Amino acid sequence: MENVNDLRDQLTKTITRPIEKIVKFFITASAFAAILISISIIFTLLTEAINFFQDPAVTFKGYFTATRWTPTFQNPEYGVIVLISSTLYIAVIACLISFPLGLFSAIYLSEFATKRTRKVIKPVLEVLAGVPTVVFGYFALNWITPNIIQRFIPGTGVFNALSAGIAVGIMIIPTVASISDDALNAVPNSLRNGSLALGATRRITSLKIMFPAALSGIIASFILGFSRAIGETMIVTIAGGQYPELNLDPRSAMYTITSSIVNVSLGDTPHGTTAYNALFALGITLFIMTFILNIGSDYIARKYRKEYE
Amino acid sequence: METKETVQVNSESVFNVTDLSVSYGDFVAIKNVNMDITKNKITAFIGPSGCGKSTLIRSFNRMNDLILGAKVNGTITYQGVDLYDKMVDPVQVRRRIGMVFQKPNPFPKTIKENITFGLKVNNMTDNMDDRVEKALTQAALWDEVKDDLDKNALELSGGQQQRLCIARTIAVEPDTILMDEPCSALDPVATKKIEDLMQELVKEFSILIVTHNMQQASRSSDYCAFFTTKTSDDGKRRTGELVEFNETSVMFTTPDKELTEQYISGRFG
Amino acid sequence: METKETVQVNSESVFNVTDLSVSYGDFVAIKNVNMDITKNKITAFIGPSGCGKSTLIRSFNRMNDLILGAKVNGTITYQGVDLYDKMVDPVQVRRRIGMVFQKPNPFPKTIKENITFGLKVNNMTDNMDDRVEKALTQAALWDEVKDDLDKNALELSGGQQQRLCIARTIAVEPDTILMDEPCSALDPVATKKIEDLMQELVKEFSILIVTHNMQQASRSSDYCAFFTTKTSDDGKRRTGELVEFNETSVMFTTPDKELTEQYISGRFG
Amino acid sequence: MPESIEKNMSNETLITGKKAENAIKESLFLFTLYICVTIAILTLMTLIYDVLSTGTTRLTSDYEVGLITKIQIDNPIDFLTTLDSRYPDRAGIGPAFAGTVWLMIIVVSVTFPFGTGAAIYLQEFAPKNKITRFIELNLTNLAGVPSVIYGLLGLAVFVRLAGFGRSVLSGGLTLTLLILPVVIVASREALKAVPDTIRQGALALGATKFQAVFRQVVPSAIPGMVTGMVLGLSRAIGETAPLIFMGALTYVNYFPDTPLSGFTAIPIQVYNWIGYPQAEWKETASAGIILLLGLLLIMNSLAIFIRNRYEKDL
Amino acid sequence: MSLQEKIENLETDLHLMGRLVLDALVDGVRALEDKDVNRAIATIEKDDEIDAAYLKIDQDWVELMATEQLVATDLRLSTSILQASLHLERLGDLAVYLGNTTQEIFDSPVPETVHATVVEMGDLVIDMASSAMESLKNRDKDLALATAEKDNQVNRLYNSMLEEAPKIAGNEDLFNGLFRLVTCIRTLERGGDHAVDICELTHFLVTGKFEEF
Amino acid sequence: MSLQEKIENLETDLHLMGRLVLDALVDGVRALEDKDVNRAIATIEKDDEIDAAYLKIDQDWVELMATEQLVATDLRLSTSILQASLHLERLGDLAVYLGNTTQEIFDSPVPETVHATVVEMGDLVIDMASSAMESLKNRDKDLALATAEKDNQVNRLYNSMLEEAPKIAGNEDLFNGLFRLVTCIRTLERGGDHAVDICELTHFLVTGKFEEF
Ligand SMILES: Nc1ncnc2c1ncn2[C@@H]1O[C@H](COP(=O)(O)OP(=O)(O)OP(=O)(O)O)[C@@H](O)[C@H]1O
Ligand SMILES: Nc1ncnc2c1ncn2[C@@H]1O[C@H](COP(=O)(O)OP(=O)(O)OP(=O)(O)O)[C@@H](O)[C@H]1O
Ligand SMILES: [Mg+2]
Ligand SMILES: [Mg+2]
Ligand SMILES: O=P([O-])([O-])[O-]
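Chains as they are written, first to last, in our numbering: chain D, 497 to 805; chain U, -5 to 263; chain Y, -5 to 263; chain A, 413 to 726; chain F, 134 to 346; chain L, 134 to 346.
Structure (structure tokens):
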């Protein structure tokens, strides 16, 4: 039997390695870099946006009440309401497409598909999720508009909100389907068995048990999808056109926040001009909108995840 | 309910299993099972892991239908009706033959809704409140939850959850309750409660229970079936087989088969 | 190893626990525990769920340090050294006092790597192959895996995985092995193997085991500690307490406390 | 009740039941689901078919690379190496392809260490306090910030503030910022998927926290982290909007040679081509898209491959 | 049936058997006292019932032990029941022996003193057996101890009888009766021991300790 | 210790106790035969050892039952061990009684025939007890049955003895010895029963059935 003091010596010797300290410092710094990114986003957007509002031509009131967005015109008007309404308009179209299709696809995948089918469809949806938006834009412009919209709804222009909305919707389907599917899959299989064992049919099981159990996850997927639609840039830039006035006709072109940002920046606006600053004003507007949605989605998703942990 | 009370006295059989085999694809999980399950008795299935107990018990209410590739050969008749007849609707079967699972699986709804769900899907929407109370009372849970029927079922303790699952199963008035290791996720105190409950329920229902716990089988069942895995001569296929089916008291004092004796006295493998 | 062999004969205590309480934040999980754990014996902790058995056993190798908010009051001395002395390095403590968990948790690496990992972090890099063989042999696993040392440990059966976890624990030559419900994820056959193994290991190590299975405690331990949860007078706080600590044979034939008797004979709660 | 009657009752309820009525509802429901899935899948098929049918002609026909060299090429690979052109049938995607490769190299070399490092810190070492929670919230939010906003950020910070100008470096760093949150989140998920029992097992053997993390947890999570990295990259490859702010849209007909060179990238080039009104450019744009999708497919397959192997292990 | 019920049933069965045995003992002693052959036959016939009760207890006991794990008081109780049933069974044999003896001697003369002593001892054993069972029923270890002490009386009577017997033996006609009664006395002495053993069981049940009284 | 080992130890202990009891019986019978007071004292002294063995078996048995759940053969074996130990203990008492008797009669004359019969019965009981333990050890139910049948011989001897005894009684000097020996005979008859009971245990162990032989 060893001596108590020997034992104490053994138990108290602590090893320290400098390499451990260096690595730890590095990874800690990396994590804090995330905060840095956020701060710089807000900081840059804010400073330039403040500059924007300092231009006498721009008024806060005008920003929210004017009905035209024409920063590069001779008499620029900065009615952001035009952009916001277009953005929401297209986003709503996208949601009308993507929510039912995404959700039902998710229900099919998690409740009805055989393992084999699932193995095929799931990656296909994932690939769909990875298709660059510029491709969807091309698709909207060169296929949806001529082959669907213009064929069935005569009088639509080459650039129109409907086509853009549909393309955005298609783009979001995988997001909605995949997150909803995850939510449904996170519901323990035992609930499904429990319901079936009570004599419920599969339809009732999926609608009355699985769907409610996954509801918060599904809602989170909807919110996230909506946020994506709002922030989507290339599709609306390519296929949505640039109609800078307030307008609610889906057949006509519209001007979303994102496409106006892209267009203004394409116009080779020199640094410091009001048009340049307008970019950032729009940026912060968009940032706030998506920020609220993202946080909301995250909050709801977290809440439901707790239930089964 | 009245009909059942009168039937209760005679000890006829409720299931007749003849030459039953269940396979998953090419793999025969359990084969050549022949047994008669007696009405209003507790029949326990015991045996080493993987011998096909769960597979077998799932074939009593056609839960195996839900598993891809699962195939049942042979016949199980339930009160004279072949459960695997083409005309038989598995959904109806499951209403008559309830099932309780290994892990308590209450729906993430209120206590009451957990019970009314089964009632609704079975169109038993009359006197729902009475039925809820009756089921909870039978499951020995009423007193504990009667003031909290609108509480989320997930807030109950594990043992209470399992009793709730039993309550929702008996609410739809099945004849038989299948239980696949219903206590393995519970501590001894909760286990005791479920076992006591089983003794109450067996007066009205026939109970089939799979258990890993030999003590549980010995102390709470009337009949006991011991299964084991036989390896084929070439050592490739491992198939579950019924070794002995006997009264529990006989099985644990004077088992017929050497293998049973080895298993129940812990000298197995 | 030789020192241990010689020590084995006398039955001195390896841990002295004095007035131990463990809290999580404000919540006192277990309090006022006093016990001496005897060397080269198996000591079992039993009691209803939530009475703090896991909490207590984790404080023997300072695994509680890893839990946020866990706070240990009172003293545990290990062979005379206060384990919670500020100078004591928990990493060193854990090397001397090994732990085996409820679910087998082999690293997702080869069988061999599972064992060499512990050796490496403890700078026991000489004769690694011999050490691996010895540990596996002691854990009664060598014969089953000696030809597959490079197989992924996750391909082993549950019982084998648990024995591998025991092997990697004893490979670093601890004095004591803590086990928190080591068999609860295993079937009876695998459980039997682990219990047999414990009887072998106790010749060389002191063993502390938490178990829900009263039979397991009764058949395999030398000493037995029974804990329960006491509810405070206002019914708000529930704290674990040691009710009785006794030789197992005494505990199960003539327990000192009425509460113990109720628990072990299943009349609890 | 006599036994025979009861038997009949069971027969009745078990066999005739309400199966027919149920069956109609069931199949209607299932039919709806099928339709939805089919539409979702079909659109993708249409998209790909459309792109392929227009793009392949451009890729397979023989053509001359007009202005620069007079070589006759009959190999679609050359589309990758030749420069852009004012003539749709001669336009190659060379500089854009090179730009994309440059971008990827920059993105990987910055994202991987920072992304995995941050993930390891947050998942394994960070104390559970408000700051950590704040960082986490930040990350979730950053992952959802529209890419144009990263473009604005890159414009303000890298192009102007840091003075990198409208260069491939600015572009790469902007894309890095864009996918960093995604990679961190994915890497964290990979770490989270490593069961806690592994950590405890290592610590219980007397490993230090550092050893437990870097010798057991991280190696187990590496496949998941790599998968996350690949998926992040594939997102970066397809990004268009932020690069517009980096001047990538201006006519760039040379290969970037330093990090500070101007550049263009495949999606930008495609966007550019889409913008031309002449119908022939559609073919060229489609060819670019085929290339883009091909790259993505390869990366996705790689990710799926790694993930499948990894899932089998754990 | 719950464990509790099973043990209770077993204990009830034991005490029913106890009653049977006590009845048989009373019958046996009274038959011997009164040289009542009918009662003797009744005593002997009771033995089948006693044996049946004994077998049932053993059978149920084994079933109980096979299906339940008993510990502490439950275990001690069930052990006591098993052991006590064996003692009762042998006390039943004693009653039969008394019955048999009655049949052998009813028409022969017996030495009065010896006869009286046998009856006295018989009553003593009945009393002891009854108290012993009582102590077991009530977990009354004081009663058990008091009862066990009565065995001294039995032994004293027995020894004095053995001293006496040779002296009485004058009349050869009495010899048959005398010898028969002497064997009864020996048997009764053993019966006292069985009662004491049951008292020991009470002690074991209450304290968990095996001790020879 | 594993369950297996624990039961084996218990069984070993039982057979050791059996040896002790058999030795005591042999000593007792031989002492009586030879009127060997020293051997008689030795016999009586052995009883403490026997009682100790008995207590240990009971104690270990309770511990075993408290800590392990026994079923089937294990359970039947351990039950048999417990019951057999009780029978052995009482057989030990028998040996003591023989020893005591020897002390009482060593210097008095005894009727030769009765003396011889007692010894014969003693040897028979030794033989039966030994075979009974043998049958238990070897799970040999045929031997058990054969052994149990030997009890008829004991009973025959006993009954004939009881018929004989009154006739012999001529010499008053012999009376003391005679009565003492008669009680021995009664005790030995009971001893035969104990051996039979052990045989029943063998039968139970092997077949699982309780049956009266
Ligand atoms: N869905 C399935 N597909 C393929 N094989 C399966 C499936 N379910 C079970 N098996 C196999 O069938 C055999 C029997 O499994 P089953 O689950 O019925 O055993 P069990 O006796 O219930 O075991 P346990 O006691 O571990 O629950 C096993 O070899 C198992 O691997
Ligand atoms: N990390 C933790 N934080 C807060 N409370 C905890 C934590 N771990 C355990 N507890 C609480 O401490 C008490 C004791 O828990 P512990 O896990 O030690 O019980 P146990 O006896 O091991 O129970 P079981 O038998 O269910 O494993 C319980 O009330 C539990 O809820
Ligand atoms: Mg199973
Ligand atoms: Mg625990
Ligand atoms: O019944 P006994 O032979 O022990 O008197």
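Where is the CB? At the ideal position from N, CA and C, for every residue including glycine. Source: prediction; values computed, not measured.
Worksheet item: Where does ASP124/Y land, buried or exposed, given buried means 16+ other C-beta within 10 angstroms?
Response: exposed
Discussion item. Does ARG564/D come out as helix, strand or coil in the three-state DSSP assignment?
Written reply: strand
Practice prompt. Show which residues of chain Y have a CB atom less than 8 Å away from the CB atom of GLN256/U.
Written response: Within 8 Å Cβ-Cβ: nothing; GLN256/U doesn't reach chain Y, min ~11 Å.
Worksheet entry | Contacts around ASP169/Y, its chain only, beta-carbon distance under 6 Å, and the 5 residues preceding and following it disregarded | ARG90
Item to complete: Report the three-state DSSP secondary structure of PHE101/U (helix, strand or coil).
Response: coil
Item to complete: For GLN210/U, return the contacting residues in chain Y, with the cut-off set at a CB-CB distance below 8 Å.
Response: Chain Y residues near GLN210/U: none, gap ~11 Å exceeds 8 Å.
Worksheet item: Along chain D, in chain order, which residues have C-beta atoms closer than 7 Å to that of ASP83/Y?
Response: Contact annotation for ASP83/Y against chain D: LEU507, THR508, LYS509 and THR510 [CB-CB distance below 7 Å, chain order].
Item to complete: Note down the Cα distance separating LEU726/A from LYS140/Y, rounded to an integer number of angstroms.
Response: Because the pLDDT at LEU726/A is just 49, under 50, the model does not fix this residue reliably, and the point stays unresolved.
Item to complete: Would you kindly work out how many angstroms separate the C-alpha atoms of THR248/U and ILE70/Y, rounded to a whole number?
Response: THR248/U and ILE70/Y have their alpha carbons spaced roughly 50 Å apart.
Worksheet item: What's the gap between the Cα of LEU202/Y and the Cα of THR254/Y?
Response: 19 Å
Worksheet item: From this set, ASP59/U, LEU195/U and ASP79/U, which residue's C-alpha is nearest SER215/U's C-alpha?
Response: LEU195/U
Worksheet item: Less than 7 Å between the CB of ILE258/U and some heavy atom of ligand 1, yes or no?
Response: no
Worksheet item: So what's GLY152/U in DSSP terms, helix, strand or just coil?
Response: The answer is helix: DSSP assigns GLY152/U an H, G or I state.
Worksheet item: Considering ALA64/U, what are the terminal residues of the beta strand (DSSP E) in which it resides?
Response: 64 to 72
Practice prompt. Can you give me the start and stop residues for the beta strand (DSSP E) that GLY92/Y sits inside?
Written response: GLY92/Y -> beta strand (DSSP E) spans 91 to 94.
Fill in: Own chain partners of LEU113/Y with C-beta closer than 7 Å, once the 5 adjacent residues on each side are dropped
THR119, MET122, ARG125, ALA165 and VAL166
Practice prompt. Below 7 Å CB to CB, which residues in the same chain sit around PHE717/A once its five sequence neighbours on both sides are set aside?
Written response: none
Worksheet item: Pairing CB atoms from the region 227 to 235 of chain L with CB atoms from the region 156 to 167 of chain L, are three or more of them under 8 Å?
Response: yes
Discussion item. Residues around ligand 1, please: the condition is that the C-beta lies closer than 5 Å to some non-hydrogen atom of it.
Written reply: So the residues near ligand 1 by this Cβ test are TYR18/U, ALA23/U, SER43/U, GLY44/U, CYS45/U, GLY46/U, LYS47/U, SER48/U, THR49/U and ILE61/U.
Discussion item. Can you find the residues in the same chain that come closer than 6 Å, C-beta to C-beta, to LYS251/Y, ignoring five residues on each side of it along the sequence?
Written reply: VAL237 and GLU238
Practice prompt. Check whether the Cβ of ASP326/L lies closer than 7 Å to any heavy atom of ligand 5, and answer yes or no.
Written response: yes
Worksheet item: Which residue or residues does DSSP assign as beta-bridge partners of CYS218/U?
Response: ALA38/U and ASN240/U
Worksheet item: Considering only C-alpha positions, which residue in the set ASP20/U, VAL66/U and ASP30/U is nearest to LYS230/U?
Response: The candidate whose alpha carbon is nearest that of LYS230/U is ASP20/U.
Worksheet item: At a cut-off of 7 Å, is ASP169/Y close to ligand 2 when judged by its beta-carbon and the heavy atoms of the ligand?
Response: no
Worksheet item: Out of curiosity, what's the CA-to-CA distance linking PHE174/U and ASN116/U?
Response: One point to set straight first is that residue 174/U is Asp, not Phe, in the sequence displayed. Their backbone Cα atoms lie some 23 Å apart in a straight line.
Fill in: Limits of the alpha helix (DSSP H) - the one that TYR230/F falls within
205 to 238
Fill in: Cα-Cα separation, LEU130/Y to GLY63/U
39 Å
Fill in: Per-residue contacts from THR620/A into chain Y (C-beta, under 7 Å)
VAL85
Worksheet entry | Proximity winner among ASP275/F, ALA277/F and GLU237/F, relative to ALA173/F (alpha-carbon distances) | GLU237/F
Worksheet entry | Local conformation of TYR585/D per DSSP, three classes | helix
Worksheet item: What is the DSSP secondary structure of GLU6/U, counted as helix, strand or coil?
Response: coil
Worksheet item: Is GLU107/Y buried or exposed, if buried means 16 or more other CB atoms sit within 10 Å of its CB?
Response: buried
Discussion item. Below 8 Å, how does it come out for the region 650 to 659 of chain A and the region 633 to 642 of chain A: are there three or more Cβ pairs, yes or no?
Written reply: no
Worksheet item: With distances taken from each beta carbon to the nearest heavy atom of ligand 6, which residues come in below 5 Å, in chain order?
Response: For the structure depicted, ligand 6 is absent and the ligand set comprises only ligand 1, ligand 2, ligand 3, ligand 4 and ligand 5.
Practice prompt. Evaluate PHE556/D with the Cβ neighbour count: other Cβ atoms within 10 Å of its Cβ, from every protein chain shown; 16 or more gives buried, anything less gives exposed.
Written response: exposed
Worksheet item: Taking any Cβ of chain D, which residues in the region 154 to 167 of chain U have a Cβ under 8 Å from it, in chain order?
Response: Along the region 154 to 167 of chain U, going in chain order, the ones with a CB nearer than 8 Å to a CB of chain D are CYS159, ARG162, THR163 and VAL166.
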